[in-house]
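J.: My structure is below; once you've seen it, I'll send some questions.
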Amino acid sequence: MTARLRLVDPSGAISDADLVEASYRRPERFGELYDRYIGEIHAYLGRRLGQEAADDLAAEVFLTAFRKRTTFDRERGEVRPWLYGIAANLIAVHRRTETRKLAALRRSAAAPAGTDHGHEERVVSRVDAANEQARLAAELQALSDGDRDVLLLSALGELSHGEVAEALGIPYGTVGSRLSRVRRKLRAALGGVNPLLGGSDG
Amino acid sequence: MDDYRAVRELLPAPPLSPEVRRAGRERLAGAFAHEGVRRRRRAARWSALGLGLAGAAAVALLATSSVSPGGSPAKHNVVAPMSANQILLAAATSVAATPDAGAWWGSKQIDGREFYDPGHHYLLRQSKSMESWIPADPEALTWYRETYLGAVPVSSEGEAAWRAAGAPSTWTYEQGKTPGLITDDRAEGIVRAAPGKPWTFSSEDWDFRIVLAGKPLTRMNEVPTTPEGLRALFSDVDGRALVDNAVSLLVYAPVTSETRAAAYRLLASLPGVSAVGQVTDTLGRTGQALEYQSAQRPVTEYAGGTRTRLVIDPATGKPLSIETRATDDGHLLEFTAIQESVWTDDNPLKEQK
Numbered sequence: 272m273t274a275r276l277r278l279v280d281p282s283g284a285i286s287d288a289d290l291v292e293a294s295y296r297r298p299e300r301f302g303e304l305y306d307r308y309i310g311e312i313h314a315y316l317g318r319r320l321g322q323e324a325a326d327d328l329a330a331e332v333f334l335t336a337f338r339k340r341t342t343f344d345r346e347r348g349e350v351r352p353w354l355y356g357i358a359a360n361l362i363a364v365h366r367r368t369e370t371r372k373l374a375a376l377r378r379s380a381a382a383p384a385g386t387d388h389g390h391e392e393r394v395v396s397r398v399d400a401a402n403e404q405a406r407l408a409a410e411l412q413a414l415s416d417g418d419r420d421v422l423l424l425s426a427l428g429e430l431s432h433g434e435v436a437e438a439l440g441i442p443y444g445t446v447g448s449r450l451s452r453v454r455r456k457l458r459a460a461l462g463g464v465n466p467l468l469g470g471s472d473g
Numbered sequence: 006m007d008d009y010r011a012v013r014e015l016l017p018a019p020p021l022s023p024e025v026r027r028a029g030r031e032r033l034a035g036a037f038a039h040e041g042v043r044r045r046r047r048a049a050r051w052s053a054l055g056l057g058l059a060g061a062a063a064v065a066l067l068a069t070s071s072v073s074p075g076g077s078p079a080k081h082n083v084v085a086p087m088s089a090n091q092i093l094l095a096a097a098t099s100v101a102a103t104p105d106a107g108a109w110w111g112s113k114q115i116d117g118r119e120f121y122d123p124g125h126h127y128l129l130r131q132s133k134s135m136e137s138w139i140p141a142d143p144e145a146l147t148w149y150r151e152t153y154l155g156a157v158p159v160s161s162e163g164e165a166a167w168r169a170a171g172a173p174s175t176w177t178y179e180q181g182k183t184p185g186l187i188t189d190d191r192a193e194g195i196v197r198a199a200p201g202k203p204w205t206f207s208s209e210d211w212d213f214r215i216v217l218a219g220k221p222l223t224r225m226n227e228v229p230t231t232p233e234g235l236r237a238l239f240s241d242v243d244g245r246a247l248v249d250n251a252v253s254l255l256v257y258a259p260v261t262s263e264t265r266a267a268a269y270r271l272l273a274s275l276p277g278v279s280a281v282g283q284v285t286d287t288l289g290r291t292g293q294a295l296e297y298q299s300a301q302r303p304v305t306e307y308a309g310g311t312r313t314r315l316v317i318d319p320a321t322g323k324p325l326s327i328e329t330r331a332t333d334d335g336h337l338l339e340f341t342a343i344q345e346s347v348w349t350d351d352n353p354l355k356e357q358k
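In structure tokens:
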């Protein structure tokens, strides 16, 4: 408990973890973390839940983090995955928004507007791409909540395996096994119909 | 197409408008300001703390525990092993009789970690002492004295291995993988054998006042004095965190002896708290040990499961140590040993400055 009280010289570029600790005494220091991460947290929420929900919820992530700041333990990880973990918890209570978004994507991708003109070839490749997007959206929608969280923290949040484990509070090994299983499914969905489009390894 | 790129293209990021960014920042600023207000309001209520206490003339029922400086275990005649419930209820009775009048809640604890040297040949114990004086008056500052106590090989075999390795006075670990306590050297990957100088400082301490259950204890003199009341206070946390919170309150918070007794009784009513029997803690004191599964995640360096052990002195009702141990073989990972904790009128640190 008291180990958290060590404060660090605020001159120079203060680390995220030091900012959290500095905010114990001076709450306004927490605002600097907002400035550092609001962009990517909003982007992550927006990619998953859509702009409207992201606009509503992004600040909520930081308010929650601020209220729980004394429970942040720098020895157990970094501030960034901690914030993503809080975002993941918020997303969990908005699952239906995410499901609706994916369902809408699936439908709109599967039925592209036919008003565009162009070479036959380009139309075909556009339809292929649209089909591919529809399959991908369907695949994402079909994933279990836990699998989707792991995949999207990795693919969209660009968290490392270790950071995903921290954010979700699950074992490191579980992250690896879930990811490889999920990515196999995605690649099958993407490359299954036209293998020529697939191939590159992430 | 690369699957990750496909996912990112399927789910593009919407723009963050300056208005939304600014509105969020303002909401957060509101929370900062609110916290300041809460702190000032608490002032009036805090003055009642430290006055009240249950005079229940309780008799210490048990004498199975006492300081044993040599670290030798158990010379006492224990008739039968006590159950977790018996230990906790005895401690509750004892602690309820502890005087709790005073202007300061003073405590001295030793925090330590055990881990291997970089070559993995012997085990090191690193520790520091932290003395803290928390005022009953919420407007007053909390005083601390922190002293790095150094790192030493744990056993005689460990010491032999350390000598064989040339008796190093520092150990250098791979960057980012340095085990142990947070020290000035840690960022450089260094663990130092030599003790450091005491460092005295004061601050507005927020830690204990808001950390419990992640919610503010805004009215410390209204902290419940019954197990049911504490359970309601922590009602929005899951069962495992309930144990952690009861232990935190018991060990760290400046609450009345009556509340501490209630915390023991609450622990006695919770499943998953089991008796280990008589043990010797890291300071060589004997006490009765209880174990439970903490809801807090294990220390970074250790990948396996852990159990948390609370060592208490049932005769005085004082908590002696909190230890985190590996589930499989029980080896010690980290500990906090409470050397002293008392309500008193004098704060020696404040006098020194």
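Those sequence lines, one after another, are chains A and B.
So the numbering used here is basically just the index in the first sequence, starting at one, shifted up by 271.
So the numbering used here is basically just the index in the second sequence, starting at one, shifted up by 5.
Every residue, glycine too, gets a C-beta built ideally from N, C-alpha and C.
1. Could you tell me the distance, in whole angstroms, from the CA atom of B/A59 to the CA atom of B/P259?
2. Say whether chain B places a C-beta atom closer than 8 angstroms to the C-beta of A/F343.
3. Out of B/R118, B/Q298 and B/L254, point me to the one whose CA is closest to B/R312's CA.
4. Could you tell me which residues DSSP puts in a beta bridge with B/M135?
5. Does the beta-carbon distance from B/A300 to B/A342 come in below 8 angstroms?
6. Just how far apart, CA to CA, sit B/F340 and A/G462?
7. Let me see if you follow: with CB-CB separation under 8 angstroms, is A/H365 close to chain B or not?
8. Take every Cβ of the segment 321-333 of chain B, pair it with every Cβ of the segment 279-297 of chain B, and state whether three or more of those distances are shorter than 8 angstroms.
9. With H, G and I counted as helix, E and B as strand and the rest as coil, what does DSSP make of B/G282?
10. Taking the C-alpha atoms as reference points, what is the distance between A/P352 and B/V281?
11. Rounded to whole angstroms, how far is the Cβ of B/R118 from the Cβ of B/P184, which I believe are closer than 8 angstroms?
12. Quick one: which residues of the segment 22-40 of chain B get their C-beta closer than 8 angstroms to a C-beta of chain A? List them in chain order.
13. Given that A/E299 touches chain B, what residues does it touch there, using C-beta distances under 8 angstroms?
14. Just to confirm my understanding: we take B/V100, look at its own chain, exclude 5 residues before and 5 after, and list those with CB closer than 8 angstroms. What are they?
15. Are A/A375 and A/A405 close, meaning C-beta to C-beta below 8 angstroms?
16. List the endpoints of the continuous alpha helix (DSSP H) containing B/T264.
17. I want to see whether chain A comes within less than 8 angstroms of B/Y153, judged by CB atoms only; does it?
18. Is the number of C-beta pairs between the segment 328-338 of chain B and the segment 98-116 of chain B that are closer than 8 angstroms three or more?
19. Among B/P353, B/A141, B/L238 and B/R330, which residue has its Cα nearest to the Cα of B/W109?
20. Evaluate B/W204 with the Cβ neighbour count: other Cβ atoms within 10 Å of its Cβ, from every protein chain shown; 16 or more gives buried, anything less gives exposed.
21. Under three-state DSSP, which class holds B/A359?
22. For a test of the three-state rule: what should DSSP assign to B/Y127, helix, strand or coil?
23. Which chain B residues sit within Cβ distance under 7 angstroms of A/A325?
24. Where do the N-terminal and C-terminal ends of the beta strand (DSSP E) with B/D318 fall, by residue?
25. Identify whether B/G359 lies in helix, strand or coil by the three-state DSSP scheme.
26. Secondary structure at B/S71, three-state DSSP: helix, strand or coil?
27. What residue range does the beta strand (DSSP E) around B/I343 cover?
28. State the DSSP-derived secondary structure class of B/Q293, mapped to helix, strand or coil.
29. Run through chain B and tell me which residues come within less than 7 angstroms of A/G310, C-beta to C-beta.
30. Under 8 angstroms between the Cβ atoms of B/L21 and A/I309?
31. Within the chosen definition, does the segment 413-423 of chain A reach the segment 273-280 of chain B through at least 3 CB pairs nearer than 8 angstroms?
32. If A/L450 and A/L423 are in contact, beta carbons under 8 angstroms, what's the gap, nearest whole angstrom?
33. Between the C-alpha atoms of B/V157 and B/A331, what's the straight-line distance to the nearest angstrom?
34. My parser needs the beta strand (DSSP E) runs of 3 or more residues fully inside the segment 308-333 of chain A; what are they?
35. Which chain B residues sit within Cβ distance under 7 angstroms of A/H313?
36. To the nearest angstrom, report how far apart A/T341 and B/H126 are at their CA atoms.
T.: Considering the structure as presented:
1. Any reading at B/A59 must be qualified, since the residue scores a pLDDT of 25, below 50, and its modelled position is unreliable; the value itself is stated next. For B/A59 and B/P259, the distance between alpha carbons rounds to 16 angstroms.
2. no
3. B/Q298
4. B/Q114 and B/E151
5. no
6. 53 angstroms
7. no
8. yes
9. strand
10. 37 angstroms
11. 7 angstroms
12. S22, V25, R26, A28, G29, R30, R32, L33, A34, A36, F37 and E40
13. A34 and F37
14. S262, R265, A266, Y269, T321, G322 and K323
15. no
16. S262 to S274
17. no
18. no
19. B/A141
20. exposed
21. Since the first residue shown for chain B is 6 and the last is 358, residue 359 of chain B is missing from the structure and cannot be characterised.
22. coil
23. P19
24. T311 to D318
25. No information on residue 359 of chain B is available, as it lies outside the stretch 6 to 358 that chain B covers here.
26. Low local confidence applies: a pLDDT of 34 at B/S71 is under 50, so the model's placement there is unreliable, and no value is given.
27. L337 to T349
28. strand
29. L21
30. yes
31. no
32. No, A/L450 and A/L423 are not in contact; Cβ-Cβ is about 11 angstroms, not under 8 angstroms.
33. 21 angstroms
34. none
35. L21
36. 36 angstroms
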